[in-house]
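Following: one structure in structure tokens, then a few remarks.
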Amino acid sequence: MNELQLKVLELLKEDARRDAELIATMLDVPAEDVKQAITDLEKDHIIVKYATVVNWSKVDDEKVTALIEVQITPERGRGFEGIAERIYLYPEVKSVYLMSGAYDLLVEVEGKNLKEVASFVSNKLSPIDAVLSTKTFFILKKYKQDGIIFEEHEGDHRLMVSP
Amino acid sequence: MIKDEQKESFASGQRQSMADYLSPLVRGIKPSGIRRFFDLVSSRKDVITLGVGEPDFVTPWHVREAAVYSLETGKTQYTSNAGMPELRGAIGQYLNDQFAVEYNPADEIVVTVGGSEAIDLALRALIAPGDEIMIPEPCYISYSPITALSGGKPVGIETYARDGFKLKADSLQAAITPRSKVLILCYPSNPTGGIMTYEDWLPIAKVVEENDLIVISDEIYAELTYGTRHVSFAAMPGMKDRTILVSGFSKAFAMTGWRMGYACGHSDLIAAMLKIHQYTVMCAPIMAQYAALEALQHGLEEKDRMVEAYNQRRRLVVKGLCDIGLTCHEPQGAFYAFPSVVSTGLSSERFAQRLLDEANVAAVPGDVFGLGGEGHLRCSYATSVTNLTEALDRIGQFVYKLKQEG
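Residue numbers (numbering that gives the first Met the number 0), protein chains in the order written: chain A, 0 to 162; chain B, 0 to 405.
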């Protein structure tokens, strides 16, 4: 990863809609270089996707999200990989992390309602042979995600004009 | 409320209005042009403002938290007049590390209520009635009024876009009279974004030396230079004793509202300033001093991130203005671009007024900053990239419309 790529990543992380021209001006480099950097980052799967951070609590059909701590018996030769894959392939699973500490996988599951998430745990997750135990925690409110504060309380309080 | 006796005295013709009680020095101060423009802008909605002379970042949380903690632990007292010794020590260390100027925290540093107070103290400590104070312009709006309030005579020295608004030794020399005493410097410059390098300073230092001048160097934007490191005038050979270095936390650490500044200089000068300071404000607020200490101890990386963000926006604005046809020297410091609007055929004031009315963008007309400001517009890029992009769009359309008219 070169320095330009890193700077491009930082600027895109702030706002993915910034185009190469704008980024090139901000970094004082040729637009062609920025285009190339973005192409390379996409090709190398470093930029995985340009997604939108949504505050779903403001949307009427509210979703239910739970974090599930999962204890697993690792498989000989493959460790946690195989089980993790079996879990993350479910579309209702939004993220999966291998963790240090008292449990092994932290699984984020999204459903239309509480019942749907509960059903996922009892019908799909728990029955997997390697899964020893699960603990489900429902998220009540998201304050901040990916460094973005959802309810911005620090608006611009400056005077419109000052010396 | 006007008392009855005063009403009688008005009636008897002794006093026409309450203002007649005021000191002629105060009455002589013109209201600031920026204030008038502020009133104009504030009455409007949906304005994108490039008129703000302060960072758009909120003070980093660890700094705010340090102030909260100082309150929780009962730090609500006066501090030493000159400021907490730990803070003065940290300021001394910081100035040495960043700008290679050495001050003894014991008697060469005073912590003030913003850089503004430091300027006021310095001028009051130095000026005897009739002394001439030389001020390169366009410049920050307070030097001239404070000079006048202190009984001095402000002498403007025009600087020019073609020189990047640098102060030139021959202009300085031409302004010198037998009453010349103080030179006020403000580089990096508000409003022009101009800076002075080591080579730029050399001939100035020579004139200062030859004419036995004292310099008040307002280096509040010292951290905000792009592509080159700020050179403090106090760091120039032989200039330290002649210079009162004024700076503060507002711009570098996004701490405008805390009102934390400082002045450094020869112990005789600082002692005199301290005398005024102790009788007027006693000391800077203690919780703000704790915040400032935290900023110096743990805030330098965050500061660098902010400077990098300003630099990115600076490039955006300078390119945008030039593309529009508002020629713009490259501002290498502070967070202002100072493009010329002369090509539109409008005066600064008229341009700013119409830009506000017709394009909903606020920027400060250059004439309020003194000599050499007419024909320019101060555009602060201390605002989000989204705002800047939209503002440039609107300015572009406005200038295009002017051309169609013209």
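By construction, the Cβ of each residue, glycine as well, lies at the ideal position given by its N, Cα and C atoms.
Cβ of residue i within 8 Å of any chain B Cβ
{"i": "Ser161(A)", "result": "yes"}
{"i": "Glu150(A)", "result": "no"}
{"i": "Asp18(A)", "result": "no"}
{"i": "Leu104(A)", "result": "no"}
{"i": "Thr51(A)", "result": "no"}
{"i": "Glu31(A)", "result": "no"}
{"i": "Leu5(A)", "result": "no"}
{"i": "Arg157(A)", "result": "yes"}
{"i": "Leu26(A)", "result": "yes"}
{"i": "Glu153(A)", "result": "yes"}
{"i": "Ala36(A)", "result": "no"}
Coarse secondary structure for residue i, derived from DSSP in three states
{"i": "Phe137(A)", "result": "strand"}
{"i": "Tyr261(B)", "result": "strand"}
{"i": "Asp407(B)", "result": "Residue 407(B) lies beyond the residue range present for chain B, which begins at 0 and ends at 405; the question has no answer from this structure."}
{"i": "Glu109(A)", "result": "strand"}
{"i": "Gln4(A)", "result": "helix"}
{"i": "Glu68(A)", "result": "strand"}
{"i": "Tyr335(B)", "result": "strand"}
{"i": "Gln76(B)", "result": "coil"}
{"i": "Lys400(B)", "result": "helix"}
{"i": "Val47(A)", "result": "coil"}
{"i": "Thr24(A)", "result": "helix"}
{"i": "Ile127(A)", "result": "coil"}
{"i": "Glu157(B)", "result": "strand"}
{"i": "Ile28(B)", "result": "coil"}
{"i": "Ser246(B)", "result": "strand"}
Alpha-carbon spacing of residue i relative to residue j, whole angstroms
{"i": "Cys321(B)", "j": "Tyr139(B)", "result": "24 Å"}
{"i": "Val28(A)", "j": "Asp130(B)", "result": "50 Å"}
{"i": "His44(A)", "j": "Ala36(A)", "result": "12 Å"}
{"i": "Arg26(B)", "j": "Ala18(B)", "result": "8 Å"}
{"i": "Met235(B)", "j": "Thr38(A)", "result": "48 Å"}
{"i": "Met0(B)", "j": "Leu21(B)", "result": "Bear in mind that the predicted position of Met0(B) carries a pLDDT of just 48, short of 50, making it unreliable; the figure below should be weighed with that in mind. Computed Cα separation, rounded: 16 Å."}
{"i": "Leu292(B)", "j": "Phe252(B)", "result": "11 Å"}
{"i": "Gly52(B)", "j": "Ala362(B)", "result": "10 Å"}
{"i": "Ser179(B)", "j": "Val100(B)", "result": "26 Å"}
{"i": "Thr185(B)", "j": "Ile67(A)", "result": "Before going further, note that residue 185(B) is Cys rather than Thr in the sequence given. For Cys185(B) and Ile67(A), the distance between alpha carbons rounds to 59 Å."}
{"i": "Asp106(B)", "j": "Phe368(B)", "result": "34 Å"}
{"i": "Lys34(A)", "j": "Gly324(B)", "result": "27 Å"}
{"i": "Leu387(B)", "j": "Lys167(B)", "result": "33 Å"}
{"i": "Glu85(B)", "j": "Pro177(B)", "result": "42 Å"}
{"i": "Asn80(B)", "j": "Thr158(B)", "result": "38 Å"}
{"i": "Gly318(B)", "j": "Thr24(A)", "result": "Looking at the sequence provided, one finds Lys at residue 318(B) rather than Gly. Their backbone Cα atoms lie some 8 Å apart in a straight line."}
{"i": "Gln396(B)", "j": "Val316(B)", "result": "15 Å"}
{"i": "Val160(A)", "j": "Ser383(B)", "result": "16 Å"}
{"i": "Ala101(A)", "j": "Tyr142(A)", "result": "26 Å"}
{"i": "Glu71(B)", "j": "Gly264(B)", "result": "34 Å"}
{"i": "Val110(B)", "j": "Gln97(B)", "result": "18 Å"}
Interface flag, residue i vs chain A, CB-CB below 8 Å
{"i": "Tyr220(B)", "result": "no"}
{"i": "Gly332(B)", "result": "no"}
{"i": "Ser41(B)", "result": "yes"}
{"i": "Leu315(B)", "result": "yes"}
{"i": "Glu373(B)", "result": "no"}
{"i": "Ala66(B)", "result": "no"}
{"i": "Tyr139(B)", "result": "yes"}
{"i": "Asp199(B)", "result": "no"}
{"i": "Leu397(B)", "result": "The sequence shown places Phe at residue 397(B), not Leu. Chain A, which has no Cβ nearer than 8 Å to the Cβ of Phe397(B), makes this no."}
{"i": "Thr48(B)", "result": "yes"}
{"i": "Lys250(B)", "result": "no"}
{"i": "Gln352(B)", "result": "no"}
{"i": "Phe37(B)", "result": "yes"}
{"i": "Lys302(B)", "result": "no"}
Near the ligand GDP: residue i beta-carbon under 7 Å from a heavy atom
{"i": "Ile28(B)", "result": "What this structure holds is no ligand at all, so the ligand GDP is not there to describe."}
Buried or exposed (CB count within 10 angstroms, at least 16 for buried), residue i
{"i": "His229(B)", "result": "buried"}
{"i": "Tyr335(B)", "result": "buried"}
{"i": "Asn122(A)", "result": "exposed"}
{"i": "Arg313(B)", "result": "buried"}
{"i": "Lys140(A)", "result": "exposed"}
{"i": "Glu404(B)", "result": "exposed"}
{"i": "Gly163(B)", "result": "buried"}
{"i": "Trp200(B)", "result": "buried"}
{"i": "Gln76(B)", "result": "exposed"}
{"i": "Arg157(A)", "result": "buried"}
Inset, instruction - Go through the stretch 88-154 of chain B residue by residue and report every complete run of the alpha helix (DSSP H) that reaches 4 residues or more, in order. - result: Listed in chain order, the complete alpha helix (DSSP H) runs (minimum 4 residues) inside the stretch 88-154 of chain B are 113-125, 142-148.
Legend entry - Length-filtered (3 minimum) beta strand (DSSP E) runs lying within the stretch 351-379 of chain B: Runs of the beta strand (DSSP E) inside the stretch 351-379 of chain B: 376-379.
Legend entry - Contact list for the stretch 123-137 of chain B against chain C, Cβ threshold 8 Å: Among the protein chains of the structure shown, namely A and B, there is no chain C.
Legend entry - Start-end ranges of the alpha helix (DSSP H) lying completely within the stretch 159-200 of chain B, minimum 4 residues: 168-174
Inset, instruction - Would you mind listing the beta strand (DSSP E) stretches within the stretch 72-106 of chain A that are 3+ residues and don't spill past its ends, in chain order? - result: 92-97
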